[in-house]
Amino acid sequence: MKRIMGKHKTILVIDDINDTGKTMKVISEIYSKFLHKLKFAVLIDNKSSQFKVDFFSYKIDKTVDNSWIVFPWESIDSE
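The sequence shown begins at 191 in my numbering and counts up one residue at a time.
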């Protein structure tokens, strides 16, 4: 892992949503020791998340509206 990560000084992690922040936190804890910079970008950032991302497109607050977000690439029907 260190050999692979050592080639890259900066990594940008991209995800669709930062909901609770648990996934981002684990990624940060594992990979930040191998990198100079680790940045996070999401389409939707939950204001009440325990992890603060670097870049986001849209901010929500799940403490106000806990609606489930279905993205176009997710299928709720079994096709």
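Heads up, the beta-carbon is just placed ideally off N, CA and C, and yes, glycines get one too.
The DSSP assignment places 212–221 as complete runs of the alpha helix (DSSP H) inside the region 194–222, in order along the chain (cut-off: 4 residues). When C-alpha distances from N256 are compared across K237, I217, F246 and W263, the shortest belongs to K237. The residues T200, I201, L202, V203, D244 and F245, in chain order, have a CB closer than 8 Å to that of K229 in the same chain once the five nearest residues on each side in sequence are set aside. When secondary structure is reduced to three states using DSSP, L233 falls in the strand class.
A straight line joining the alpha-carbon of I259 with that of K215 spans about 21 Å. The criterion of a C-beta distance shorter than 8 Å is satisfied by Y248 and L233.
In this model, D209 and T253 are separated by some 11 Å (Cα to Cα). F245 carries a strand assignment under DSSP once its states are collapsed to helix, strand and coil.
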